[in-house]
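Student: Please read through the structure below; I'll follow up with questions.
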Amino acid sequence: MPYIKHRMRPLLAAFLVLSAAFSAEPDMKSIPAPRSAAEKQVITVLQDMARNGGTYLSVPNQDARWLRFLTEAASAKQVIEIGSSTGYSGLWFSLALLRTGGRLTTMELDPGRAAAARSHFSRAGVDHIVTLIQGNAHEELRKWKGPIDVVFIDAEKSGYVDYLNKVLPFVRPGGFILAHNIEMTPDYVKAVSANPDLETVYYMEGAGLGISRKIR
Numbered sequence: 010m011p012y013i014k015h016r017m018r019p020l021l022a023a024f025l026v027l028s029a030a031f032s033a034e035p036d037m038k039s040i041p042a043p044r045s046a047a048e049k050q051v052i053t054v055l056q057d058m059a060r061n062g063g064t065y066l067s068v069p070n071q072d073a074r075w076l077r078f079l080t081e082a083a084s085a086k087q088v089i090e091i092g093s094s095t096g097y098s099g100l101w102f103s104l105a106l107l108r109t110g111g112r113l114t115t116m117e118l119d120p121g122r123a124a125a126a127r128s129h130f131s132r133a134g135v136d137h138i139v140t141l142i143q144g145n146a147h148e149e150l151r152k153w154k155g156p157i158d159v160v161f162i163d164a165e166k167s168g169y170v171d172y173l174n175k176v177l178p179f180v181r182p183g184g185f186i187l188a189h190n191i192e193m194t195p196d197y198v199k200a201v202s203a204n205p206d207l208e209t210v211y212y213m214e215g216a217g218l219g220i221s222r223k224i225r
């Protein structure tokens, strides 16, 4: 069973059961089989990216499965990703959004990575549900107006608290804020753990994923 730190509340008690079930799967670190023709196109690109080196895959598959699972569980219509890299995690979100009918808005500072991500989204056939913004997410988030169901933060670690403060007012009750490489962000951990509007667990099996659910 993965190492999980948690501040237990009844609403997230099921997380322990789900986490144990996820970890028991023999193929937890693999890319899942497609459930439709559209998913097959996405998964083909994921497999190609993994096969061709994966320098900027951004998330290990065991963490990416949580992104997909929680997005589907939230019936997400709007996902915000801060730190697109070359689109690997965005493609995992797309697998869920193809089922929920939602959209992904993803932000990337580096022009080269943003261009690679656009290419991967196009090849995967999901560019119609993905908006990629090449720019500084700290500035771009100031322009955001609409409700958010899921946020994924995977950018420079010193900026995590600022990202949290900018997105939290727009996250609907029941929505999720996910933060990657959580052991590298002590200020963020302190902020979410102390916030009475959030309940938070930490999944440490992969690269470290903070999962916060907005409760009010």
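Heads up, the sequence shown is in this note's numbering, so the first residue is 10 and it goes up one at a time. The C-beta atom is built at its ideal place from N, Cα and C for all residues, glycine as well.
A126: which of D119, K154, G96, R112 sits nearest, CA to CA?
Tutor: Nearest of D119, K154, G96, R112 to A126, Cα basis: G96.
Student: List the residues that DSSP assigns as beta-bridge partners of L187.
Tutor: Per DSSP, F161, I220.
Student: Given 8 Å as the limit, is there contact between the region 64 to 82 and the region 96 to 114, that is, 3 or more CB pairs closer than that?
Tutor: Flag = yes, the region 64 to 82 and the region 96 to 114 touch.
Student: On the three-state DSSP scale, how would you describe I138?
Tutor: Note: I138 maps to coil in three-state DSSP.
Student: Note down the Cα distance separating R60 from V139, rounded to an integer number of angstroms.
Tutor: For R60 and V139, the distance between alpha carbons rounds to 23 Å.
Student: Tell me whether the beta-carbon of N190 lies closer than 8 Å to the beta-carbon of G168.
Tutor: Their beta carbons are not under 8 Å apart, which means N190 does not touch G168 by this criterion.
Student: Using DSSP with H/G/I as helix, E/B as strand and the rest coil, what is E208?
Tutor: DSSP places E208 in strand when its eight states are reduced to three.
Student: Could you name the residues that DSSP lists as bridge partners for I91?
Tutor: Looking at the DSSP assignment, I91 forms a beta bridge with M116, I162.
Student: Among I157, F179, P195, which one has its Cα closest to the Cα of R170?
Tutor: It is worth fixing the name first, because residue 170 is Val in this sequence and not Arg. For V170, the nearest C-alpha among the options comes from P195.
Student: Looking at M116: is its Cβ nearer than 8 Å to the Cβ of S93?
Tutor: Result yes, Cβ atoms of M116 and S93 sit closer than 8 Å.
Student: State buried or exposed for S45, treating a residue as buried only when at least 16 other CB atoms are found within 10 Å of its CB.
Tutor: Counting Cβ neighbours within 10 Å, S45 comes out exposed, since fewer than 16 surround it.
Student: Could you tell me the alpha carbon to alpha carbon distance between I157 and A203, rounded to whole angstroms?
Tutor: So the two alpha carbons sit approximately 22 Å from each other.
Student: Hey, could you find the ends of the alpha helix (DSSP H) N145 is sitting in?
Tutor: Unbroken run through N145: none, as it is neither H nor E.
Student: For R181, which residues of its own chain have a beta-carbon under 8 Å away from its beta-carbon, when the five flanking residues on both sides are left out?
Tutor: Excluding positions up to five away in sequence, the list reads P156, I157, D158, K223.
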